[in-house]
Amino acid sequence: MKSMLYIALAVNGFTAYATQTIYDQDTKANRVSVYQYGPVAQIMVPNTSSISYIESIVTLSSVQAQCHQAALYNDITNSKVADLTVSFPAVYGNIPIRSAEAEKPIRLSCTRGNDSFIVHHKVPAAPTITWSSDVIASDWADNSCVRRDCPTYPGYFSDVQYSAQILVNNNANDGTCSTINHVGQTPDLLPDYLHSTPIQSNHFSPSGKAIYDANGEYLVTRIVCKNAGGTRVGGPC
6 MKSMLYIALA
16 VNGFTAYATQ
26 TIYDQDTKAN
36 RVSVYQYGPV
46 AQIMVPNTSS
56 ISYIESIVTL
66 SSVQAQCHQA
76 ALYNDITNSK
86 VADLTVSFPA
96 VYGNIPIRSA
106 EAEKPIRLSC
116 TRGNDSFIVH
126 HKVPAAPTIT
136 WSSDVIASDW
146 ADNSCVRRDC
156 PTYPGYFSDV
166 QYSAQILVNN
176 NANDGTCSTI
186 NHVGQTPDLL
196 PDYLHSTPIQ
206 SNHFSPSGKA
216 IYDANGEYLV
226 TRIVCKNAGG
236 TRVGGPC
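Anchor point for the sequence shown: position 76 equals 81 in the numbering used here, and the numbering is continuous, going up by one each time.
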């Protein structure tokens, strides 16, 4: 039966080509994948500002190569997460929020000549931030100004001590974190870490004096962590 099949293929001039699968060479979920073989030279996903949208930039390996279809898949269940739009050099689309905390490779369908390929680029889960904090205020000071032209402000605590336990996990070795003080000022929330440099995961225990506006009566500060899977803005629980 096999001989008859081979003969039929030869007589009719058909050639069978198997689709080749190409994976990330480093097998890690991160921002950039470089390929030594196949139709794609590089896939790069910038640190995005959203966990519900992704955009990647694809560099082809030759003028004969082209890619025409792409989708995101859950790395554990192998189920499709979302179809993506291919508009070279960009490949982009929306991501369901429920998939934010899962690794999800891009699978790019490409051809080069008569050869077909599925090229994988693994996108990390979005960052996670676990944060608990405590504030102890003491040494109340009344507004002692009695002149008519005194500014109107309430009393205030002259000593405010802030402490926290913070765990950040970028789920990738090229993720970054930074902090923002919106109202008032806390001690450095990520001590001994050079902000916006690559960090995969770490635990921080900041403590020290906090400064607040007596008229505002509160502190507002945020930690922002970014990777190719999205941006997470965290606050204390």
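Cβ coordinates follow ideal geometry from the N, Cα and C atoms, glycine included. These numbers come from a predicted model, not from an experiment.
Ranked by how close their Cα comes to the Cα of H208, the residues N174, C72, K231 and A146 have N174 in first place.
Per DSSP, reduced to three states, the secondary structure at I100 is coil, with no helix or strand assignment. Counting of Cβ neighbours within 10 angstroms places I102 among the exposed residues, the total staying below 16.
Annotated three-state conformation of N119 is coil, per DSSP. According to DSSP, R112 shares a beta bridge with A76 and H125. In the same chain as G221, and ignoring 5 residues on each side of it, the C-beta atoms closer than 8 Å to its own belong to V188 and G189, in chain order.
For N186, the three-state secondary structure derived from DSSP is strand.
Counting along the chain, no beta strand (DSSP E) covers N52, and no H or E run does either.
Rounded to the nearest angstrom, the gap between the Cα atoms of N35 and I228 is 21 Å. In the structure shown, the three-state DSSP call for R36 is coil. Per DSSP, reduced to three states, the secondary structure at N207 is strand. Between the alpha carbons of P241 and W136 lies a gap of roughly 5 Å. Here the region 139 to 149 makes no contact with the region 59 to 76; the two share fewer than three CB pairs at distances below 8 Å. Going by C-alpha positions, N99 is about 15 Å away from S92.
In this structure, K231 lies near P132, with their beta-carbon atoms less than 8 Å apart.
DSSP, read as helix, strand or coil, puts L224 in coil.
Spatial neighbours of S66 in its own chain (CB-CB distance under 8 Å, excluding positions within 5 residues in sequence) are listed in chain order as Y40, G43, P44, V45, A46 and R117.
Within 10 angstroms of the beta-carbon of V225 lie fewer than 16 other beta-carbons, which makes it exposed. Looking from the CA of L194, the closest CA among D80, V96, Y167 and L77 belongs to Y167. Annotated three-state conformation of N174 is strand, per DSSP. Counting only the Cα atoms, P159 lies some 43 Å from T53. In the DSSP annotation of this structure, the continuous segment of the beta strand (DSSP E) that includes Q25 starts and ends at Q25 to I27. DSSP places Y198 outside both helix and strand once states are collapsed to three, so it counts as coil. Here D80 is near K127, since their CB atoms are less than 8 Å apart. Straight across, the Cα-Cα distance linking D29 with S206 is about 22 Å.
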